[in-house]
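Each number in the working numbering corresponds to the 1-based position in the sequence shown with 239 added.
We treat Cβ as the ideally placed atom computed from N, Cα and C, and that holds for glycine.
These notes are about the structure you will find just below.
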Amino acid sequence: MTSTRPHVTRVTHVTYLTYLTYLTHLTHLTPCPLFLCLSLLLTAPALGASNTPLKALLFTGGCCHDYARQIPLLTSNINRQTPVQFEFAWSVDPLTNAAFAKNYDVIIYDLCFDNAKPGLLDNALQTLREGKPAVILHCGVHAFRYFNKVHDWENAIGMRSKVHDPYQPFGTEKLDAQSAILKDFPDHWRTKGDELYQTIELISDSHPLLKAKSPRDGREHTVCWTHLYGKGRVFATTLGHDMRTIEDPDYQRLVTRGLLWACGQP
Numbered sequence: 240m241t242s243t244r245p246h247v248t249r250v251t252h253v254t255y256l257t258y259l260t261y262l263t264h265l266t267h268l269t270p271c272p273l274f275l276c277l278s279l280l281l282t283a284p285a286l287g288a289s290n291t292p293l294k295a296l297l298f299t300g301g302c303c304h305d306y307a308r309q310i311p312l313l314t315s316n317i318n319r320q321t322p323v324q325f326e327f328a329w330s331v332d333p334l335t336n337a338a339f340a341k342n343y344d345v346i347i348y349d350l351c352f353d354n355a356k357p358g359l360l361d362n363a364l365q366t367l368r369e370g371k372p373a374v375i376l377h378c379g380v381h382a383f384r385y386f387n388k389v390h391d392w393e394n395a396i397g398m399r400s401k402v403h404d405p406y407q408p409f410g411t412e413k414l415d416a417q418s419a420i421l422k423d424f425p426d427h428w429r430t431k432g433d434e435l436y437q438t439i440e441l442i443s444d445s446h447p448l449l450k451a452k453s454p455r456d457g458r459e460h461t462v463c464w465t466h467l468y469g470k471g472r473v474f475a476t477t478l479g480h481d482m483r484t485i486e487d488p489d490y491q492r493l494v495t496r497g498l499l500w501a502c503g504q505p
C-alpha cells in the first residue's frame, strides 16, 4: 500500500548556509507543493527549562515575503538558543486534518495567505482552545483577511489589524519590563526597516509587551503581546517583514523567549 504520510526530510547538525542551499534547491524542484515538510534539529545550548527538544510545526508560505531565506535563518538562530525540532508546512492544507497538531508541542504561523477553504480554520482554532500553544509572526496577524471567519482568527491570536504603515525604520518601547519574554530585550529597540501593523483592537485578555509609535502620524500600535485562547497560550508579534528585522539577534531572542513562554517554559 502506498503511504499517505507527508514526506519528511531530517537535516541534522548543518550550517545555516548548507540548509538554505538545500531548502532553495528543494523548493525549486517543487514550486507549488501541497504539503512540504522539513525537519531541522541543531545542537544548541538550552535557554529554556529543558534540554529535550520541543517539536514545532511551522506553517509558512504565501505572498509578499522571502520565506525561503527568512525561515532557515530564523529557525537556525532559535536553535542556537534552545533545541527545537522544526517541521515545515508550505501550505495550510494540513489544517484539514483534525489531528494535524497531535505530534507537536507548538504550532507556529509565519505565513501570508489571504484566504482559506471553508472549515479549514476550525481545526486550528479547536487545537488552540484545547491547549496547544501557538506562535504568530508578522503576516500571520493579517492572514485569512478575506475569509468569512477572519474575526474568529483575530479573536484567537489576540489582535485585530488590517493594514500597515509604509515600510520604514521605527523604534519600540517596552510595556512590561518584568516579562520573561523581554528579558535582555533593549528598552528602546529599533528596526532598520519593517512594516508597522496598525492596531484596530487588542482583544480582551491580551497582554501587550511592546509598542511602537508611527513615524508617519504619531499613533501608537502594539507590536508584541501574549494572549490566552481557551487553554492555549499565544505569543504574537507583528515584527519580522524581512531580513532587516529577522537577522537582528534581539528579534531572534524575542521570538525564542516567546516560543518558550507559549510552551510553558519561562
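Residues near residue i by beta carbon distance below 8 angstroms, same chain, minus five either side
i, result
"Leu256", "In this predicted model, Leu256 has a pLDDT of only 39, less than 50, meaning its place in the structure is not dependable; the value taken from the coordinates is given anyway. Cβ neighbours of Leu256 beyond the five flanking positions: none."
"Val462", "Thr411, Leu435, Tyr436, Leu449, Lys450, Ala451, Thr476, Thr477 and Leu478"
"Gln365", "Ala337"
Bridge partners - residue i, DSSP secondary structure assignment
i, result
"Ile375", "Tyr348 and Ala475"
"Glu459", "Lys452"
"His403", "Tyr436"
"Val323", "Leu293"
"Tyr466", "According to the sequence provided, residue 466 is His. The question's Tyr does not apply to it. Per DSSP, Val473."
"Phe409", "Thr430"
"Thr299", "Asp349"
Residue i versus residue j - alpha carbon distance
i, j, result
"Asp415", "Leu421", "8 angstroms"
"Leu499", "Arg455", "34 angstroms"
"His381", "Thr438", "11 angstroms"
"Lys294", "Asn318", "12 angstroms"
"Ser443", "Asn342", "30 angstroms"
"Trp506", "Thr465", "The chain is shown from 240 up to 505; residue 506 falls before or after that span and cannot be answered."
"Leu359", "Trp392", "11 angstroms"
"Leu312", "Ile396", "24 angstroms"
"Val402", "Ser315", "30 angstroms"
"Arg468", "Ile485", "This sequence places Tyr at residue 468; Arg is not what is there. Cα-Cα distance, rounded: 27 angstroms."
"Asn394", "Thr291", "32 angstroms"
"Gly457", "Phe409", "11 angstroms"
Whether residue i touches residue j by CB criterion (8 angstroms)
i, j, result
"Lys413", "Asp426", "yes"
"Pro333", "Phe327", "no"
"Phe424", "Asp481", "no"
"Gly497", "Phe474", "yes"
"Ala355", "Phe386", "yes"
"Glu369", "Arg399", "no"
"Ile310", "Leu296", "no"
"Asp404", "Ser453", "yes"
Cut-off 6 angstroms between Cβ atoms - residues of its own chain near residue i, not counting five sequence neighbours on either side
i, result
"Ser445", "Gly397, Trp464 and His466"
Residue i beta carbon near the ligand SAH (any heavy atom closer than 7 angstroms)
i, result
"Ala395", "In the structure on display, the ligand SAH does not appear, and there are no ligands present to speak of."
Sequence-distant residues of the same chain with beta carbon closer than 7 angstroms to residue i, five excluded per side
i, result
"Lys470", "Arg368, Glu369 and Gly370"
"Val389", "Phe383"
- Query: Would the segment 340-354 and the segment 446-453 be scored as touching if the rule is three or more Cβ pairs under 8 angstroms?
  - Reply: Touching, no.
- Message: Would the segment 365-375 count as touching the segment 309-325 if we require 3 or more Cβ pairs under 8 angstroms?
- Response: Here the segment 365-375 does not lie against the segment 309-325, with fewer than 3 beta-carbon pairs under 8 angstroms apart.
- Message: Quick test of the definition: if touching needs 3 or more C-beta pairs under 8 angstroms, does the segment 350-368 touch the segment 301-317?
- Response: Yes, they touch.
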